[in-house]
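Quick note, the sequences are listed as chains A, B and C, same order.
If you read the first sequence in the numbering used here, its first letter stands for residue 1, the second for the next number, and so on.
If you read the second sequence in the numbering used here, its first letter stands for residue 1001, the second for the next number, and so on.
If you read the third sequence in the numbering used here, its first letter stands for residue 2001, the second for the next number, and so on.
Okay, structure first, notes after.
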Amino acid sequence: MEIISLDSQRREEFIDITAELRQLIHEQGWDRSVRSAILHLWCFHTTAGLTVNENADPDVKRDMLLALSVIVPEDLDYRHAEGNSTAHVKSSLVGTSLQLPLVQGELKLGRWQGVYFCEFDGPRKSRQVGVQLISSST
Amino acid sequence: MEIISLDSQRREEFIDITAELRQLIHEQGWDRSVRSAILHLWCFHTTAGLTVNENADPDVKRDMLLALSVIVPEDLDYRHAEGNSTAHVKSSLVGTSLQLPLVQGELKLGRWQGVYFCEFDGPRKSRQVGVQLISSST
Amino acid sequence: MEIISLDSQRREEFIDITAELRQLIHEQGWDRSVRSAILHLWCFHTTAGLTVNENADPDVKRDMLLALSVIVPEDLDYRHAEGNSTAHVKSSLVGTSLQLPLVQGELKLGRWQGVYFCEFDGPRKSRQVGVQLISSST
């Protein structure tokens, strides 16, 4: 398993990791050896997540964070002592596990798609995303 | 990677693709050759998604679209110029990546489960879903 | 495909299945034979789901159920005759498909992460979660 390590700068932030994934694919030689596979991405944190969405207009990630802040209200009767219950909820809504198609050695995303690490309880140092190549035997 | 192509008819719509998946499995011969695998489904769009839910009573998908329209409000201070920010949010809530179990050549779903392409910004032509067979080496 | 079977005790409940997964990995000998793989978990139900979140402080799962009950309102104009539409919506929000990293035979979760079966329409007997080992050929 390869690890992508990130520092987040704000409490809530979508960090585009698409370029780092493409670099990792090249460094590992998967672009030369893989016909059809998936990249399995794993977020090791319970107050962060992974998602895929538009990375052309930066307003999209801004609007997504805005909507999530309304969807998951801050003022409920939460009991978790760390005071970051909304971050836990948002993590489960977007998910911590993501699979991406790798075809003929290329990360095969749609035209507007980018891969985001979703920080919901930052800023934090050394957030980690695991990356595994799962290639088919057929 | 195989591609399922769809035209959506409405702004928001859940389109059942279970039968097309079963036909694809048969056409590719995966029903005769595969012991244990997953089908990896990929939605190439940032205003659509994939989910699994009941496909017996059509009111379930109608109720899900109703709930999502309340969960993700239309009247927030969105800035994305295309005016479809709620579609981007809904895409990330249901997800664009889906894995289905294939066991002894059969798509192994629960009794009431069907696979839906979720259109959140239609109607659109040529929406595309990628399908990869990832079979285990063991 | 291996099956984990569970009885839920309440209408809504997060049931930690991490220990059962680790036991299954040991019983199947995957801890001795697997270098890099994913465990694919499948929830066979449309009113339940699977998620990963903190399992140290039990208030986290309590707060998550509280937030989900506010996020998905009970009092909308639902039509599904069984009266459990909110459970269907919550199932699609957390998802029914989950992939976990297995590295050097070990379920490789973050320090605070546990795997939950999410009951949204219990209590029910014999809820089933399928588990497949998908190991890479490389």
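Glycine included, C-beta positions come from ideal geometry on N, C-alpha and C.
Here the stretch 1117–1130 of chain B makes contact with the stretch 1078–1095 of chain B; the two share three or more CB pairs at distances below 8 Å. What residue 2099 of chain C touches in chain B, judged by beta-carbon distance under 7 Å, is 1099, going in chain order. Scanning C:2102, C:2109, C:2124 for the CA closest to the CA of residue 2030 of chain C turns up C:2102. Here residue 38 of chain A carries a strand assignment [DSSP, helix/strand/coil].
Per DSSP, reduced to three states, the secondary structure at residue 2025 of chain C is helical.
A check of alpha carbon separations from residue 1015 of chain B across B:1058, B:1028, B:1044 identifies B:1058 as the nearest. In the three-state reduction of the DSSP assignment, residue 1077 of chain B falls in the coil class, being assigned neither a helical nor a strand state. With a contact defined as Cβ atoms closer than 8 Å, residue 1008 of chain B and residue 1079 of chain B miss out at about 26 Å.
Shortest Cα-Cα distance from residue 1067 of chain B to any of C:2067, C:2075, C:2061 involves C:2075. The DSSP-derived three-state label of residue 20 of chain A is helix. Look at the stretch 1109–1123 of chain B: the residues with a C-beta under 7 Å from a C-beta of chain C are 1110, 1112, 1113.
Residue 95 of chain A is a Cβ neighbour of residue 2095 of chain C, given a cutoff of 8 Å. Shown here for residue 2060 of chain C: same chain residues with a beta carbon closer than 8 Å to its own, the five before and five after excluded, namely 2053, 2054 in chain order. Under the 8 Å criterion on CB atoms, residue 1017 of chain B is classed as non-interfacial with respect to chain A. In chain order, 2038, 2040 place their CB closer than 6 Å to the CB of residue 2099 of chain C, counting only its own chain and leaving out the 5 sequence neighbours on each side.
Listed along chain B are 1046, 1088, 1091, 1092, each with a C-beta nearer than 7 Å to that of residue 53 of chain A. Within chain C, the residues 2001, 2132, 2133, 2134 have their CB atoms less than 9 Å from the CB of residue 1036 of chain B, given in chain order. Residue 80 of chain A reaches chain C at 2057, 2059, 2060, 2063, counting residues in chain order whose Cβ is nearer than 7 Å. Closest in alpha carbon position to residue 1065 of chain B, among C:2085, C:2070, C:2046, is C:2085. Straight across, the Cα-Cα distance linking residue 2004 of chain C with residue 1017 of chain B is about 27 Å. Closer than 8 Å to the CB of residue 129 of chain A there is not a single CB belonging to chain B. With respect to residue 1136 of chain B, residue 2133 of chain C sits close: the two C-beta atoms are nearer than 8 Å. Taking 8 Å as the cut-off, the Cβ atoms of residue 23 of chain A and residue 2 of chain A do not count as close. Around the CB of residue 1033 of chain B, fewer than 16 other CB atoms lie within 10 Å, so the residue is classed as exposed. Per DSSP, residue 127 of chain A is one residue of the beta strand (DSSP E) stretching across 127–135.
For residue 72 of chain A, the neighbours in chain C by C-beta distance under 8 Å run, in chain order, 2067, 2071. Contacts with chain A at 8 Å (Cβ-Cβ) include residue 1095 of chain B. Close partners of residue 1026 of chain B in chain A (Cβ separation under 9 Å) are lacking, with about 16 Å as the shortest Cβ gap. Shown here, residue 56 of chain A sits in coil according to DSSP, grouped into three states, outside any helix or strand. Here the alpha carbon of residue 127 of chain A sits roughly 22 Å from the alpha carbon of residue 81 of chain A. In summary, residue 26 of chain A is exposed, with fewer than 16 beta-carbon neighbours lying within 10 Å of its beta-carbon over all protein chains present. Residue 107 of chain A has a beta carbon lying at 8 Å or more from every beta carbon in chain C. Secondary structure note for residue 1089 of chain B: its alpha helix (DSSP H) is the uninterrupted segment 1085–1094.
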